[in-house]
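Engineer: Structure provided below as structure tokens; questions to follow.
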Amino acid sequence: FDEAPRIDKWTFSTNGVAICGKHKIPCIGFGPGNEIYAHAPNEKVPVEHLEKASAFYAALPYILEDKQITDR
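First residue of the sequence shown: 2, per this note's numbering; consecutive thereafter.
Written out as structure tokens, the structure is:
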């Protein structure tokens with residue numbers, strides 16, 4: 002997607018607290034938009050971010066499947 006991944010923390014909570022924190026199931030957080038607008042009354046997301054996120058969501062299962070095949 003022509004962008005380096007950014008590893009950081011979010012200033013809001015997700016279900017990852019239970020999934021990874023409580024149940025020890027690895028997870029990632031990913032989503033379009035700027036977090037300052039997330040879970041807020043005036044939440045908004047640029048259409049370009051939605052398009053890129055949709056492409057990533059569609060590609061991720063295939064990327065993970067290919068990795069599993071090569072890791073065997």
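Cβ coordinates follow ideal geometry from the N, Cα and C atoms, glycine included.
So, do the region 62 to 70 and the region 28 to 46 have three or more beta carbon pairs nearer to each other than 8 Å?
Structural biologist: No contact exists between the region 62 to 70 and the region 28 to 46.
Engineer: Please confirm whether Val46 and Pro33 have their CB atoms less than 8 Å apart.
Structural biologist: The answer is yes: Cβ separation under 8 Å.
Engineer: Pop quiz: Trp11 and Glu36 are said to be a contact at Cβ under 8 Å. What is the actual Cβ separation, rounded to whole angstroms?
Structural biologist: Indeed they touch by this definition, with Cβ atoms about 6 Å apart.
Engineer: Excluding the 5 residues flanking His50 on each side, which residues of the same chain have their C-beta closer than 7 Å to its C-beta?
Structural biologist: Around His50: Pro33, Gly34.
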